[in-house]
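Quick note on the numbering used here: the sequence shown kicks off at 19 and runs consecutively. Ideal Cβ placement from N, Cα and C applies to all residues, glycine included.
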Amino acid sequence: MEFYSFKIEYMKEGDIKDALRIEQASFSMPWSREMFLCELTDHPFSYLYVAKDRNNKILGYICYWLVFDEMNILNLAVDEGHRKKGIGSDLIKFALMDGVNRGAGTVILEVRSSNKAAIRLYEKFGFKEVAVRKGYYDNPREDALLMALDDISAYRQDER
């Protein structure tokens, strides 16, 4: 039985190359290096975190925005060889704890309607489908489900 040991830390510019490899393998319309860099340097409301193994290999990442009290999960991906091992769940849990401690009260995200694995993962955290955005995605053209989590106060961590 294999147990995963990894840490979650803030993404640095040097992490973009590995994040980009995961991004390109995960999505039909991947973010570019410039998009990752823009999120890291140009948006004060953007937060990017990576999960790294003991050898500092990036296993996955998450990016979210926090605008006032609303959190928007923009991107989440896990390396194909490390999926279904709890890394995505831990990244979401970490982001929810981080977001609520920074003042978030609600969370929204968009997901391809065909991405059943991601939808199940989000539902596990209590996300509910609240709307459909017709033809939102390209390559292939597909609807997006808008999902929301209305109360993340349970993820607040006491400062000690």
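DSSP-derived helix/strand/coil call for residue i
i, result
"A172", "helix"
"S64", "strand"
"D36", "helix"
"R151", "strand"
"A122", "coil"
"K111", "helix"
"E31", "helix"
"D156", "coil"
Cβ-based burial, residue i [other Cβ within 10 Å; buried from 16]
i, result
"R178", "A caution first: R178 carries a pLDDT of 38, below 50, which makes its placement in the model unreliable, though a value can still be read off. By the 10 Å Cβ count, R178 comes out exposed."
"F63", "exposed"
"K70", "buried"
"G99", "exposed"
"F54", "buried"
"N157", "exposed"
"F24", "buried"
"N74", "exposed"
"G153", "exposed"
"A135", "exposed"
Run of the beta strand (DSSP E) containing residue i, from where it starts to where it stops
i, result
"F24", "F24 to Y28"
"E160", "E160 to L167"
Integer-rounded CB distance, given that residue j should sit under 8 Å from residue i
i, j, result
"D112", "Y79", "Note that residue 112 corresponds to Phe in the displayed sequence, not to Asp. So it is not a contact: roughly 11 Å between Cβ atoms."
"Y173", "M89", "Y173 to M89, Cβ: 10 Å. No contact."
"I170", "V125", "6 Å"
"L94", "G104", "That belief does not hold up - the Cβ atoms of L94 and G104 are roughly 13 Å apart, past 8 Å."
Delimiting residues of the alpha helix (DSSP H) encompassing residue i
i, result
"R51", "R51 to T59"
"E141", "K134 to K142"
Legend entry - Inside the segment 82–107 only - beta strand (DSSP E) runs reaching at least 3 residues: 88–96
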